[in-house]
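Inspection log for the structure reproduced underneath, given as structure tokens.
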Amino acid sequence: MTFFFVRDRPHRYRFFSSEPLGPLPARFSRTRDIWEKAKAKVTRLNPRTLLQEQAFERGGRPGSEPLRILHSGRLDEKAVRTRLFFFLQRQRTRHTLILAGEALVLPLTGLAALLPGPNILFYFLAILMVIQWQALRGIHRVLRRDYEFVADPLLAEWEEAIASRDRERMKEAAARLDEAHPLGDIKWGRILDR
């Protein structure tokens with residue numbers, strides 16, 4: 059599996075894998091309809107965020123080989139390694155704080171069960187918590203793994219296009235990335251051009 063560590067148009071780093079968005083975890087038989095409705099709402103979230111969450115989880119899967127991470131090559135390996143480390147640290151802190159906040163809100167959404175109809179809000183929050191917990195666990199594991207950084211000229215072309223703020227060059231670079239590194243139904247421009 060290949061991972062990408064690249065800047066988006068607002069110059070924020072993104073981390074995601076070449077694997078397309080997969081099925082969300084866990085199935086409950088008794089409340090399957092409510093769970094499926096909540097899953098449908100979660101999957102309508104920003105695909106950039108979901109791809110990153112799944113990349114953290116996938117990168118943290120056990121394995122002996124180093125993670126293969128493509129980057130633009132505009133910085134030397136030591137600088138990329140340092141930026142990735144601080145990016146992962148920031149994401150770990152962010153995920154911990156969000157999970158703590160969600161844990162405080164979750165009991166309140168459980169009270170909505172007293173209202174008639176299905177408690178989709180509770181299940182929606184529960185699915186988000188599962189996704190974030192898996193991502194946080196993956197971040198912890200990714201921080202302890204070895205990396206193999208590979209410079210990709212297409213990612214360098216993308217970062218040069220965003221540095222120049224040329225929308226046409228960005229579209230062309232995103233189209234070339236779609237051809238070279240397909241991400242399933244999601245296009246590179248949708249992930250990076252926000």
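Numbering (my numbering), first residue to last: 59 to 252. C-beta atoms are modelled at their ideal positions from N, C-alpha and C, and glycine is treated no differently.
Check: Taking the Cβ atom as the reference point for each residue, do arginine 148 and phenylalanine 207 lie within a distance shorter than 8 Å?; Outcome: no
Check: Out of Arg67, Phe63, Trp216 and Glu77, which one is the CA nearest neighbour of alanine 137?; Outcome: Phe63
Check: Note the first and the last residue of the continuous beta strand (DSSP E) segment covering alanine 209.; Outcome: 205-209
Check: On the three-state DSSP scale, how would you describe leucine 133?; Outcome: coil
Check: Near phenylalanine 114, which residues of its chain fall below 6 Å by C-beta distance, leaving aside the five closest residues on each side in sequence?; Outcome: Ala193, Gly196 and Ile197
Check: With a cut-off of 8 Å, do at least 3 Cβ pairs link the region 215-231 to the region 147-166?; Outcome: no
Check: Quick check on leucine 166: buried or exposed, where buried means 16 or more other Cβ atoms within 10 Å of its Cβ?; Outcome: exposed
Check: On the DSSP letters alone, give me the boundaries of the beta strand (DSSP E) that arginine 119 sits inside.; Outcome: From DSSP, arginine 119 is part of no beta strand (DSSP E); its letter is neither H nor E.
Check: Quick one: what does DSSP say serine 222 is sitting in, helix, strand or coil?; Outcome: helix
Check: Take tryptophan 246 and list the residues in its own chain whose beta-carbon comes closer than 7 Å to its own, dropping the five residues that flank it on each side.; Outcome: Ala232, Leu235 and Asp236
Check: Over the uninterrupted beta strand (DSSP E) stretch that includes arginine 56, give me the two end residues.; Outcome: As shown, the chain starts at 59 and ends at 252. That puts residue 56 outside it, with no answer to give.
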